[in-house]
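> Residue numbers (this note's numbering): 1 to 347.
Cβ atoms here follow ideal geometry from the backbone N, Cα and C, with glycine treated the same way.
Below you can see the structure in the form of structure tokens.
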């Protein structure tokens, strides 16, 4: 199973067959008609791809900035690709041997051509440099300036800090200040900046919420940072975008943006959860677990220093080996029992 963000399209082979109408008579080729027909497969491809492309529906300042500069950079690069493609076809047709084009052996240079060949690319490079330089700071995972540029004037709450730890194949979210934790369920308040510290207890993963947060590596024995803010409540899907073994296809998590009041109520409810999360409990949770359906778990009395303890353990050589005979087709009937060490995935 591939990550759900991907879309697949299929077209009949006939869509790529050049029709006879592109030729007005046998052996006489008309490029203008050919170009019109050449656009047909592209239009059919766009029409055949159903579903919503999440990248084109950003829900926060960081995702908005990414989409803006992606479109801008693509448009600027098309200023090179499209004219170059057209001119290549024009020159190939205009100066082909059968046309007997005029040859001028005295031609040495053209100021207009020189300016076009050197000036236009130089201007485009300058524009791309400026766009790249600006966008790097706007979407910098550690401190994206786009959060400051689009800040809500009424927002006065301090950023919400969340520690993220990945295992095989689950996402653990620890809220140090609230002393709670969840598995595969990220809940944050609308209108409040959320800052993440991320590390992995196993292999490298990619933390990615297409409509909200840019992709960032989550690596064992290392820490990375990310941040986002969404000003309106909504539900989104996050997932790992880096293949990590047998349970990769199920390594997803819900991202719920709720009102500040609902977030406070949720925190209070989670603080009453019967299960607690400390290092000993984490050692059970971190065992390879295929959580089909991303069934969430909740913990109260979460150790606020758990992130640092896990980071130190991984740097010290702690590993969680995956059984070679793990059954990726087994549906876990009781993920809570598996995570508590009472049961293990069937092999």
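Within its chain, find whatever has a CB closer than 6 Å to the CB of residue 209; leave out the 5 residues flanking it on each side and keep chain order.
236, 238, 255
> When burial is assigned at 16 or more other CB atoms within 10 Å of the CB, is residue 298 buried or exposed?
Classification for residue 298: buried.
> Cutting at 7 Å between CB atoms, please list the residues of its own chain near residue 144, excluding the five before and the five after it.
62, 138, 227
> Tell me whether residue 260 is buried or exposed, calling it buried when 16 or more other Cβ atoms sit within 10 Å of its Cβ.
exposed
> Look up residue 137 in the DSSP assignment and say whether it is helix, strand or coil.
helix
> Between which two residues does the beta strand (DSSP E) harbouring residue 227 extend?
224-228
> Assuming contact is defined by CB atoms lying nearer than 7 Å, are residue 288 and residue 168 in contact in what I supplied?
yes
> What residue range is occupied by the uninterrupted beta strand (DSSP E) comprising residue 70?
Careful: residue 70 lies outside any beta strand (DSSP E), inside the alpha helix (DSSP H) at 61-94.
> Please check the pair residue 158 and residue 277, which I expect to be a contact at CB under 8 Å, by giving their CB distance rounded to whole angstroms.
The pair is not a contact, with the Cβ atoms about 23 Å apart (cut-off 8 Å).
> When you compare each of 146, 124, 90, 118 to residue 68 by their alpha carbons, which one comes out closest?
146
> Counting only the same chain and skipping the five closest in sequence on each side, list residues whose C-beta sits under 8 Å from that of residue 293.
250
> Based on the DSSP output, what are the partners of residue 175 in its beta bridges?
180
> Distance, Cα to Cα, residue 101 vs residue 112?
21 Å
> Identify, in the order they occur along the chain, each residue of the same chain with its Cβ nearer than 7 Å to the Cβ of residue 140, setting aside the five sequence neighbours on each side.
none
> Using a Cβ-Cβ cutoff of less than 7 Å, which residues in the same chain neighbour residue 319 once the five nearest sequence positions on both sides are dropped?
none
> Classify residue 16 as helix, strand or coil using the three-state DSSP reduction.
Since pLDDT at residue 16 reaches only 42, below the 50 mark, its modelled position is unreliable, and the value read off the structure follows with that caveat. Looking at residue 16 - three-state DSSP - the assignment turns out to be helix.
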